[in-house]
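Trainee:
See below:
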């Protein structure tokens, strides 16, 4: 059964233990400039605080709720779509969707076209512009841990249970239960967005106030082009026949050159 992670936004205290665990497990470099940024700083960045060496970002949003000012922390990373646009758009097969849930990336197969970045509906992927041999970087959802029936590094260290790992279907049921019990916004973000994602979010404040892409279609992006892609071989053969016919027609009756 496919795995997933449920993020209960009101439970997050912004401790950033998950970010540290992500760094350590994936052996990501520490950038002093990024390390000194606050969660509020990252929330204001156009890239939501995600960089090639920052696969997880904790962003703080100061909001008004029930006439009171509240702070909400949002963990941001790859959403690991059920039917990923990055996988569909990658002709070199550098991206793969594993049965367990993670969407992984193999730089050895990457040709650097960056079609995946344009295809991602959540603007998550980051390119290593400063490296001589650049690649695309993002959360791998601890694929090796998940394959060995272990939870992700980030969920294993969360002190408040704001992020929990498990079977996606069971997490979805738990999310809907918590929504009813706590009077949260009646929406599980990730249940249907872009055809559904492995990461699910619930909140007591509107998602759009925390820069979630609430305008994302509920249909998977690859499904929009599936019919056209299936027709591609026939179109190619058809054009070859048309061009061959035009060649014959245009050269009919002409004397060969000596």
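Numbering (full-length UniProt numbering), first residue to last: 1 to 258. Idealized CB from N, CA, C, for every residue including glycine.
1. Along the chain, which unbroken stretches of the beta strand (DSSP E) at least 3 residues long are found entirely within the UniProt domain "4Fe-4S ferredoxin-type" (3 to 33)?
2. If you measure between the beta carbons of residue 137 and residue 126, is that distance less than 8 Å?
3. Apart from the five residues on each side of it in sequence, which residues of its chain come closer than 7 Å, Cβ to Cβ, to residue 165?
4. Can you tell me where the beta strand (DSSP E) holding residue 74 begins and where it ends?
5. According to DSSP, residue 163 sits in a beta bridge with which residue or residues?
6. Give the range of the beta strand (DSSP E) segment to which residue 157 is assigned.
7. In angstroms with no decimal places, state the Cα-to-Cα distance between residue 20 and residue 183.
8. If you pair each beta-carbon of the segment 172 to 187 with each one of the segment 199 to 208, do three or more pairs fall below 8 Å?
9. Tell me the rounded alpha-carbon separation between residue 62 and residue 207.
10. Use the C-beta contact count for residue 88: other C-beta atoms within 10 angstroms, 16 or more gives buried, fewer gives exposed.
11. Could you pull out every residue in the same chain whose Cβ sits closer than 6 Å to the Cβ of residue 214, ignoring the five residues on either side in sequence?
12. Might you give, ordered along the chain, the residues of its own chain that have their beta carbon closer than 6 Å to the beta carbon of residue 169, omitting 5 neighbours on each side?
13. Just the C-alpha distance for residue 98 and residue 32, rounded to the nearest angstrom, thanks.
14. Please state the DSSP three-state secondary structure of residue 116.
Mentor: Here's the rundown:
1. 3 to 8
2. Numbered from its first residue, the chain shown carries residue 137 at position 137. Numbered from its first residue, the chain shown carries residue 126 at position 126. Yes. Within cutoff.
3. Residue 165 sits at position 165 when you count from the first residue of the chain shown. 3, 5, 151, 152 and 155.
4. Taking the chain shown and counting its residues from 1, one reaches residue 74 at position 74. Start and end: 68 to 76.
5. As a first step, residue 163 must be located in the chain shown, where it is residue number 163. In the DSSP output, where bridge partners are listed per residue, residue 163 has 7.
6. Counted from its first residue, the chain shown places residue 157 at position 157. Not the beta strand (DSSP E): residue 157 falls in the alpha helix (DSSP H), residues 153 to 157.
7. On the chain shown, residue 20 is found 20 positions in, with the first residue counted as 1. On the chain shown, residue 183 is found 183 positions in, with the first residue counted as 1. Going by the C-alpha atoms only, they are around 31 Å apart.
8. yes
9. Position 62 of the chain shown, counted from the start, is the residue given in the question as residue 62. Position 207 of the chain shown, counted from the start, is the residue given in the question as residue 207. One C-alpha to the other measures close to 13 Å.
10. The sequence position of residue 88 within the chain shown is 88, counting from 1. Classification of residue 88: buried, given that the 10 Å Cβ count is 16 or more.
11. Position 214 of the chain shown, counting from 1, holds the residue named residue 214. Here the set comprises 207 and 208.
12. As a first step, residue 169 is located in the chain shown; it is residue number 169 there, counting from the start. Excluding positions up to five away in sequence, the list is empty.
13. Translated into the one-based positions of the chain shown, residue 98 becomes position 98. Translated into the one-based positions of the chain shown, residue 32 becomes position 32. Spanning the two alpha carbons is a distance of roughly 34 Å.
14. Sequence index remark: in the chain shown, residue 116 carries index 116 (1-based). Helix at residue 116.
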